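Structure first, commentary second.
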DNA sequence: GAAGGATATAAAGATTTCGTAAAGAATTGC
DNA sequence: GCAATTCTTTACGAAATCTTTATATCCTTC
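Protein chains in written order, with my numbering: chain Y, 5 to 229; chain S, 5 to 229.
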């Protein structure tokens with residue numbers, strides 16, 4: 005039985021040390037990251053069984069890191085936070101956090117919640133690369149290849165094609181896409197979508213006038229295949 | 005979209021009422037049980053999407069009920085308790101509870117944890133496909149396949165065939181269909197229906213002159229099979 | 001089997017939705 | 001601080017879809 009790996013993302017050295025000792029003495033293998041950025045890179049290079057994410061990080065808000073991780077990481081993420089306000093908890097859970105614990109937490113409870121979270125880990129589709137014919141979309145590296153050639157896509161363009169790739173074959177409504185990419189205030193800005201779908205098609209489609217990957221479902225949204 | 009069912013097992017009538025109102029106003033279907041025994045029976049006869057289990061029950065300890073449920077019930081169980089002691093939490097989680105909330109809890113947090121728990125119940129490629137011989141209608145992806153080949157259908161056409169698929173074998177009156185697809189002001193626009201049924205038949209039927217899927221019930225409506 | 005109401009089909013007209021180009025605004029990188 | 005890139009907005013022609021009309025066919029009932 006090899007040890008389950010847990011990645012701690014927390015900027016406080018003391019907290020990392022405390023958590024590290026606790027977890028190691030309970031037979032977990034511990035990985036650590038000081039910043040969100042570093043955490044994402046570590047998680048990508050070697051996906052752990054569970055991530056403990058402090059939400060009060062210096063570089064980005066923990067919520068952003070959580071969203072970023074959840075674009076491809078589908079194992080458990082437990083949020084640790086000094087915050088105990090409801091909005092924070094609700095946001096984290098709705099962004100895909102597995103659990104939320106307020107600091108200071110009780111060790112035995114933390115361990116029990118970790119056991120529970122690991123037990124429930126779904127069989128992961130551990131590939132972060134979505135393959136769609138001549139296209140390969142790497143959700144971690146944030147790259148798009150067409151016939152093995154790297155395409156130059158902007159950040160928003162990538163977010164869009166990443167969303168498509170993660171929902172291959174199903175129709176996504178305009179509202180849904182706009183909410184996911186631009187946020188809840190933009191759900192009626194359908195024109196944004198038209199422009200960005202247009203520029204994506206120019207890049208990924210053999211013939212942009214007759215798209216084979218991004219199909220428009222008139223009156224509803226788009227479908228990727 | 006039918007409502008997710010939640011079973012509340014709690015001996016306090018007030019708490020059941022409070023939870024019931026909260027959940028129902030958030031579009032869940034609520035089932036209630038006063039005792040653990042009753043709860044187990046209810047859950048067995050009609051497994052809900054999630055169980056809210058109070059741990060301070062009179063007949064058996066909630067922990068026993070939890071264990072009993074977990075022998076066969078594998079969806080989410082959230083524990084509610086006035087207790088906030090660590091042993092209790094750890095025991096519950098190790099017995100397979102999905103989550104543990106101490107009373108009094110905050111409503112928004114409870115709802116977020118319920119959403120999270122239900123979300124995790126679903127298998128990643130959760131599709132609800134209606135199979136009708138050579139036709140497969142995917143209600144989530146909004147796609148129609150005939151002999152495994154994607155058909156191009158417009159938004160209204162899909163809404164129509166989706167309504168048919170969800171009421172397979174049943175005669176739907178003109179008025180009902182018109183109300184569902186176009187809204188209450190259109191219940192007499194029978195000609196709309198004729199046109200759209202016609203175009204659907206052209207796409208899905210082997211021989212549109214002798215339809216096998218969308219059957220005309222003259223003077224009444226249509227039936228899908 | 002004939003009459004009359006109900007249904008089917010085709011096609012024209014009306015409306016909505018889409019795609020593209022391009023200009024202005026904001027952001028990023030050097 | 002300037003140039004380059006990216007994002008947001010506007011405008012307009014093109015395409016797809018929906019609605020309506022006309023006419024042919026089918027079905028039921030007597």
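In this text, a Cβ means the ideal position worked out from N, Cα and C, and glycines have one as well. A quick note: this is a predicted structure, and the numbers were derived from the prediction, not measured.
- Query: CB-CB under 6 Å to residue 12 (chain S), same chain, minus the five flanking residues each way: which ones, in chain order?
  - Reply: In the second chain, counting from the first residue as 1, residue 12 (chain S) sits at position 8. If we look at residue 12 (chain S) and ignore the five residues flanking it on each side, its Cβ neighbours are 20, 23, 36 and 56.
- Message: So, does the region 40-53 of chain Y touch the region 96-113 of chain Y, judging by three or more C-beta pairs under 8 Å?
- Response: no
- Task: Could you tell me which residues DSSP puts in a beta bridge with residue 36 (chain Y)?
- Result: As a working note, residue 36 (chain Y) is residue 32 in the first chain. Beta-bridge pairing links residue 36 (chain Y) to Y:12.
- Own chain, CB closer than 7 Å to residue 52 (chain S), minus 5 neighbours either side, in chain order: Your numbering for residue 52 (chain S) matches position 48 in the second chain. Excluding sequence neighbours, residue 52 (chain S) sits near 9, 10, 11 and 35.
- Query: Per the contact definition of three or more C-beta pairs closer than 8 Å, is the region 70-80 of chain S in contact with the region 141-148 of chain S?
  - Reply: no
- Message: If the criterion is Cβ atoms closer than 8 Å, does the pair residue 96 (chain Y) and residue 122 (chain Y) meet it?
- Response: Within the first chain, numbered from 1, the residue matching residue 96 (chain Y) stands at position 92. Within the first chain, numbered from 1, the residue matching residue 122 (chain Y) stands at position 118. No, the Cβ-Cβ distance between residue 96 (chain Y) and residue 122 (chain Y) is not below 8 Å.
- Query: Terminal residues of the continuous beta strand (DSSP E) containing residue 227 (chain Y)?
  - Reply: Within the first chain, residue 227 (chain Y) is the residue found at index 223, counting from 1. Taken as a continuous stretch (DSSP letters only), the beta strand (DSSP E) holding residue 227 (chain Y) covers 225-228.
- Message: Do residue 204 (chain S) and residue 219 (chain S) have their beta-carbon atoms positioned less than 8 Å apart in this structure?
- Response: Within the second chain, the letter at position 215 stands for residue 219 (chain S). Within the second chain, the letter at position 200 stands for residue 204 (chain S). Cβ atoms of residue 219 (chain S) and residue 204 (chain S): not closer than 8 Å.
- Taking only beta-carbon positions, decide if residue 98 (chain S) is within less than 8 Å of chain Y. Position 94 of the second chain, counted from the start, is the residue given in the question as residue 98 (chain S). Interface residue, yes.
- Report, in whole angstroms, the separation of the C-beta atoms of residue 197 (chain S) and residue 181 (chain S), which I expect to be a contact under 8 Å. Translated into positions along the second chain, residue 197 (chain S) becomes position 193. Translated into positions along the second chain, residue 181 (chain S) becomes position 177. The Cβ separation is near 6 Å, so the contact holds.
- Item | Cβ-Cβ distance between residue 229 (chain S) and residue 136 (chain S) below 8 Å | Counting from 1 along the second chain, the entry for residue 229 (chain S) is found at position 225. Counting from 1 along the second chain, the entry for residue 136 (chain S) is found at position 132. Contact: yes.
- Task: Determine which residues share a DSSP beta bridge with residue 105 (chain S) and list them.
- Result: Here residue 105 (chain S) corresponds to residue number 101 of the second chain, with the count starting at 1. Partner(s): S:84.
- Message: Assuming contact is defined by CB atoms lying nearer than 8 Å, are residue 160 (chain Y) and residue 224 (chain Y) in contact in what I supplied?
- Response: Walking along the first chain from the start, residue 160 (chain Y) turns up at place 156. Walking along the first chain from the start, residue 224 (chain Y) turns up at place 220. Cβ distance not < 8 Å, so residue 160 (chain Y) and residue 224 (chain Y) don't count as in contact.
- Query: In whole angstroms, what is the alpha-carbon distance linking residue 134 (chain Y) and residue 142 (chain Y)?
  - Reply: Within the first chain, residue 134 (chain Y) is the residue found at index 130, counting from 1. Within the first chain, residue 142 (chain Y) is the residue found at index 138, counting from 1. Computed Cα separation, rounded: 6 Å.
- Item | Run of the beta strand (DSSP E) containing residue 142 (chain Y), from where it starts to where it stops | Here residue 142 (chain Y) refers to the residue found at position 138 of the first chain. Per DSSP, residue 142 (chain Y) belongs to the beta strand (DSSP E) from 139-142.
- Message: Given this structure, state the Cα-to-Cα distance separating residue 189 (chain Y) from residue 183 (chain Y), to the nearest angstrom.
- Response: Position 185 of the first chain, counting from 1, holds the residue named residue 189 (chain Y). Position 179 of the first chain, counting from 1, holds the residue named residue 183 (chain Y). Distance between the alpha carbons of residue 189 (chain Y) and residue 183 (chain Y) is about 7 Å.
- Please work out which residues of its chain come closer than 6 Å, Cβ to Cβ, to residue 227 (chain S), disregarding the five sequence neighbours upstream and downstream, and give them in chain order. Residue mapping note: residue 227 (chain S) aligns to position 223 of the second chain, counting from 1. So the qualifying residues of the chain are 175, 219 and 221.
- Item | Contact list for the region 103-126 of chain Y against chain S, Cβ threshold 9 Å | 103, 104, 110, 111, 112, 113, 115, 116, 117, 119, 120, 123, 124 and 126
- For residue 135 (chain S), write down the residues that DSSP places opposite it in a beta bridge. Stepping through the second chain from its first residue, residue 135 (chain S) is reached at position 131. Paired residue(s): S:140.
- Nearest chain Y C-beta to residue 158 (chain S) closer than 8 Å, yes or no? For the purposes of this step, residue 158 (chain S) is taken as the residue at position 154 of the second chain. Yes, contact with chain Y.
- Which partner residues does residue 207 (chain S) have in the DSSP bridge list? Translated into positions along the second chain, residue 207 (chain S) becomes position 203. For residue 207 (chain S), which the question treats as bridged, DSSP gives no partner whatsoever.
- Message: 8 Å is my cut-off, CB to CB: does residue 93 (chain Y) come that close to chain S?
- Response: Locating residue 93 (chain Y) in the first chain gives position 89, counting from the first residue. It does: the Cβ of residue 93 (chain Y) has a partner Cβ on chain S nearer than 8 Å.
- Item | 8 Å Cβ cut-off: residues of chain S touching residue 90 (chain Y) | Indexing the first chain from 1 puts residue 90 (chain Y) at position 86. The answer, in chain order, is 110, 112 and 113.
- Task: Could you pull out every unbroken alpha helix (DSSP H) segment of at least 4 residues lying fully inside the region 175-201 of chain S, listed in chain order?
- Result: 178-186
- Item | Coarse secondary structure for residue 53 (chain S), derived from DSSP in three states | In the second chain, counting from the first residue as 1, residue 53 (chain S) sits at position 49. Note: residue 53 (chain S) maps to coil in three-state DSSP.
- Item | In DSSP terms, what residue 71 (chain S) is bridged to | On the second chain, position 67 is the one that residue 71 (chain S) refers to. According to DSSP, which records beta bridges pairwise, residue 71 (chain S) is partnered with nothing at all.
- Check the Cβ of residue 250 (chain Y) against every Cβ in chain S and list those closer than 9 Å, keeping chain order. Outside the displayed range of chain Y (5 to 229) lies residue 250 (chain Y), so it cannot be described from this structure.
- Task: Taking only beta carbons into account, state which residues of the region 126-155 of chain S come closer than 9 Å to chain Y, listed in chain order.
- Result: 127, 128, 131, 142, 144, 145, 146, 147 and 154
- Message: For a test of the three-state rule: what should DSSP assign to residue 21 (chain S), helix, strand or coil?
- Response: The sequence position of residue 21 (chain S) within the second chain is 17, counting from 1. Three-state DSSP puts residue 21 (chain S) in a helix.
- Does the beta carbon of residue 208 (chain Y) fall short of 7 Å from some heavy atom of the ligand MN? Among the components modelled here there is no ligand, and therefore nothing to report on the ligand MN.
- Query: What separation, rounded to the nearest whole angstrom, lies between the Cα atoms of residue 88 (chain S) and residue 54 (chain Y)?
  - Reply: Against the second chain, residue 88 (chain S) aligns to sequence position 84. Against the first chain, residue 54 (chain Y) aligns to sequence position 50. In a straight line, the C-alpha of residue 88 (chain S) is about 25 Å away from that of residue 54 (chain Y).
- Query: With distances taken from CA atoms, which of Y:179, Y:26, Y:17 and Y:152 is nearest residue 192 (chain Y)?
  - Reply: Numbered from 1 along the first chain, position 188 holds the residue referred to as residue 192 (chain Y). The shortest C-alpha separation from residue 192 (chain Y) is found at Y:179.
- Query: Going by other Cβ atoms of all chains shown within 10 Å of its Cβ, with 16 needed for buried, is residue 48 (chain S) buried or exposed?
  - Reply: As a first step, residue 48 (chain S) is located in the second chain; it is residue number 44 there, counting from the start. Exposed is the call here.
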